[in-house]
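One structure is given here, and the rest of the page talks about it.
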Amino acid sequence: MPLNVWLLTLAQALAMSATPIMVLLGGLVGAKIAPSAELATAPIAMMIVGLAASVIPVGLIGRRYGRRRVFLLGSVLGAIAGLAAAAGVHQQNFALFCLGALFLGSAGAVVQQYRFAAMEAVSPELAPKAASRVLLGGLVAAFLGPELAVLGAELVQGSYAGAFLLLSCVSLAAGGVLLAYRNESQWQASGLASATEADRSLTELLGQSQLWVALGAAAIGYGMMSLIMTATPLHMHHMEHHSLADTKWVIQSHIVAMYLPSLFSGMLIARFGHGNMMLAGLTAYGATIAMALSGSELLNYWTALVLLGIGWNFLFVSGTSLLPSCYRGGEKFRVQMFNDFSVFGFQAMASLGAGALLTGLGWQILLVACLPFIGVQLMLVAWWKLSKSRVLQGDNN
6 MPLNVWLLTL AQALAMSATP IMVLLGGLVG AKIAPSAELA TAPIAMMIVG LAASVIPVGL
66 IGRRYGRRRV FLLGSVLGAI AGLAAAAGVH QQNFALFCLG ALFLGSAGAV VQQYRFAAME
126 AVSPELAPKA ASRVLLGGLV AAFLGPELAV LGAELVQGSY AGAFLLLSCV SLAAGGVLLA
186 YRNESQWQAS GLASATEADR SLTELLGQSQ LWVALGAAAI GYGMMSLIMT ATPLHMHHME
246 HHSLADTKWV IQSHIVAMYL PSLFSGMLIA RFGHGNMMLA GLTAYGATIA MALSGSELLN
306 YWTALVLLGI GWNFLFVSGT SLLPSCYRGG EKFRVQMFND FSVFGFQAMA SLGAGALLTG
366 LGWQILLVAC LPFIGVQLML VAWWKLSKSR VLQGDNN
């Protein structure tokens with residue numbers, strides 16, 4: 006793999022550690038300082054809203070100034086986010102804490118560009134491996150983030166502010182790594198045709214079944230994962246009274262399960278195909294719901310969240326690596342922005358609804374509400390496979 010891919014993997018390990026810090030502590034801080042219980046998960050939701058709202062500006066800046074500059078900007082934003090969140094916790098200012106979470110989401114929108122930059126650094130057939138290699142950096146973040154959260158909680162007595170100060174430090178460290186990143190001198194012409202061909206209209210692009218199945222896999226995968234993951238610490242620790250250490254272990258295991266399959270998911274996609282890997286991910290999601298519904302013991306939470314992480318990896322890596330087949334070189338920023346805005350917009354809605362669903366309707370209803378989305382992605386995969394078979398039949402005739 007090129008040097009840029011390894012740099013992006015290391016930066017991913019550092020920058021992504023911010024997410025488990027907010028996931029683990031955001032709801033707990035919110036439960037203490039939010040004006041109402043329904044707003045307890047609002048900081049996590051604000052992080053996702055910030056991500057979704059920043060996808061298009063980040064893409065436009067990257068197209069205008071190059072990926073390196075936008076990557077460094079993201080590191081600075083992450084540091085500012087940590088400082089604002091720490092100040093909000095220290096002052097018990099819920100609005101300021103949410104503002105920090107919003108900025109953290111903006112920094113996260115930059116981190117989400119790492120996978121595209123990695124795929125553009127290699128040939129199209131190596132794109133799944135490059136994407137999964139960068140996502141593997143999240144495996145380090147799975148350990149680093151929660152440990153920083155617990156360590157930071159001890160730095161400032163009686164407050165989680167120290168954890169968010171450490172968040173600022175790792176964001177700046179990621180920026181230091183990316184100082185060595187260099188923009189590709191020539192973008193890889195990936196996808197359906199040469200970058201020299203005329204760009205297609207958005208209507209033409211949206212007419213591709215593989216675009217919708219790629220987008221659906223990433224959006225539904227991220228949305229369902231975010232809904233359940235956001236609600237889990239609040240339900241497990243605040244409602245079912247499991248310890249913070251056990252809650253940390255469950256979230257940590259979940260994030261490991263999200264990224265550990267990246268060791269081999271690229272190879273599995275090459276062996277079994279994107280569609281079959283999406284079906285495997287949806288099966289894992291179904292098993293997640295079944296396990297979570299079966300009880301509220303520690304083992305139920307742990308098994309459900311591990312299955313949730315595995316399912317997310319299969320869906321997200323499959324959708325991400327299928328996306329380049331939907332655009333030509335000159336279309337990539339438009340398609341990538343449309344994809345990520347849709348994916349993280351859906352994730353934002355899921356995160357915003359997590360607290361209200363959990364407190365208003367309960368854990369079981371929240372889980373059952375996920376089932377229709379599994380059905381939607383199953384239909385998209387079936388449509389795509391049917392479209393491909395018709396094309397093959399037409400070619401044979």
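Numbering of the sequence shown is given in our numbering, commencing with residue 6 and proceeding in unit increments.
Cβ coordinates follow ideal geometry from the N, Cα and C atoms, glycine included.
Per-residue burial, residue i [other beta carbons within 10 Å of its own, 16 or more giving buried]
{"i": "Ser-299", "result": "exposed"}
{"i": "Ile-370", "result": "exposed"}
{"i": "Thr-237", "result": "buried"}
{"i": "Met-283", "result": "buried"}
{"i": "Phe-108", "result": "buried"}
{"i": "Gln-162", "result": "exposed"}
{"i": "Phe-378", "result": "buried"}
{"i": "Met-417", "result": "What is shown of the chain runs 6 to 402, which leaves residue 417 out entirely."}
{"i": "Leu-183", "result": "buried"}
{"i": "Gly-380", "result": "exposed"}
{"i": "Arg-187", "result": "exposed"}
{"i": "Gly-365", "result": "exposed"}
{"i": "Ala-185", "result": "exposed"}
{"i": "Arg-74", "result": "exposed"}
{"i": "Phe-277", "result": "exposed"}
{"i": "Arg-395", "result": "exposed"}
{"i": "Met-272", "result": "exposed"}
{"i": "Met-51", "result": "buried"}
{"i": "Ser-128", "result": "exposed"}
{"i": "Pro-151", "result": "buried"}
{"i": "Tyr-70", "result": "exposed"}
{"i": "Ser-267", "result": "buried"}
Own chain residues within Cβ distance below 7 Å of residue i, not counting five before or after
{"i": "Ser-258", "result": "Trp-307, Leu-310, Val-311"}
{"i": "Met-342", "result": "Val-60, Ile-61, Gly-64"}
{"i": "Ser-231", "result": "Ile-53, Gln-352, Ala-355, Ser-356"}
{"i": "Glu-245", "result": "Ser-301"}
{"i": "Leu-249", "result": "His-242"}
{"i": "Leu-44", "result": "Gly-35, Gly-360"}
{"i": "Ala-126", "result": "Pro-7, Asn-9, Val-10, Ala-135, Glu-189"}
{"i": "Ala-292", "result": "Leu-312"}
{"i": "Val-373", "result": "none"}
Own chain partners of residue i with C-beta closer than 6 Å, once the 5 adjacent residues on each side are dropped
{"i": "Ala-90", "result": "Phe-102, Gly-105, Phe-169"}
{"i": "Phe-338", "result": "Gly-64, Arg-68"}
{"i": "Ala-224", "result": "Ser-347, Val-348, Phe-351"}
{"i": "Val-175", "result": "Leu-19, Ser-22"}
{"i": "Thr-252", "result": "Pro-238, Met-241, His-242"}
{"i": "Leu-303", "result": "Asp-251"}
{"i": "Thr-201", "result": "Any reading at Thr-201 must be qualified, since the residue scores a pLDDT of 49, below 50, and its modelled position is unreliable; the value itself is stated next. So no residue of the chain qualifies."}
{"i": "Gly-226", "result": "Trp-317, Leu-320, Phe-321"}
{"i": "Leu-265", "result": "Leu-144"}
{"i": "Trp-368", "result": "His-240"}
{"i": "Leu-15", "result": "Val-182"}
{"i": "Lys-393", "result": "none"}
{"i": "Asp-204", "result": "Gly-335, Glu-336"}
{"i": "Ala-57", "result": "Phe-349, Gly-350, Ala-353"}
{"i": "Ala-132", "result": "Met-124, Ser-326, Pro-329"}
{"i": "Ala-387", "result": "none"}
{"i": "Gly-79", "result": "Ala-112, Val-115"}
{"i": "Ala-179", "result": "Ala-16, Leu-19, Ala-20, Ser-80"}
{"i": "Tyr-165", "result": "Leu-30, Val-34, Val-94, Ala-158"}
{"i": "Ala-84", "result": "Ser-173, Ser-176, Leu-177"}
{"i": "Gly-324", "result": "Ala-219, Ala-222, Ala-223"}
Delimiting residues of the alpha helix (DSSP H) encompassing residue i
{"i": "Gly-212", "result": "Premise fails: Gly-212 is in no alpha helix (DSSP H) and is neither H nor E."}
{"i": "Gln-97", "result": "Gln-97 -> no alpha helix (DSSP H), and no H or E assigned at all."}
{"i": "Arg-205", "result": "No alpha helix (DSSP H) contains Arg-205, which DSSP labels as neither H nor E."}
{"i": "Asn-188", "result": "Run containing Asn-188: none; DSSP gives neither H nor E here."}
{"i": "Tyr-264", "result": "249-264"}
{"i": "Val-10", "result": "8-20"}
{"i": "Thr-123", "result": "Reading off the sequence, residue 123 comes out as Ala, not Thr. Note, Ala-123: alpha helix (DSSP H), 119-125."}
Residue i beta carbon near the ligand COA (any heavy atom closer than 8 Å)
{"i": "Arg-138", "result": "Inclusion of the ligand COA in the displayed structure is not the case, the ligand content being empty and no account of it being possible."}
Residues near residue i in its chain [Cβ-Cβ closer than 8 Å; skip 5 each side]
{"i": "Cys-331", "result": "Gly-196, Leu-197, Leu-210, Gln-213, Gln-215, Leu-216, Ala-219, Val-340"}
{"i": "Met-296", "result": "Asn-305, Thr-308, Ala-309, Leu-312"}
Cβ of residue i within 9 Å of any chain D Cβ
{"i": "Ala-275", "result": "In the structure shown, chain D cannot be found, because there is only a single protein chain."}
Report task. Return the chain-ordered ranges of every alpha helix (DSSP H) run that is complete within the region 275-307 and spans a minimum of 4 residues. Result -> 279-298
Query raised in the report: Residue ranges of each alpha helix (DSSP H) run of no fewer than 4 residues wholly in the region 36-93, ordered along the chain?
Result: 47-70
**Report entry** Length-filtered (4 minimum) alpha helix (DSSP H) runs lying within the region 309-379
**Finding:** 337-365, 368-373
Requested in this report: Enumerate, from N- to C-terminal direction, the unbroken alpha helix (DSSP H) stretches of 4 or more residues contained entirely within the region 130-194.
Outcome: 132-140, 142-160, 166-183
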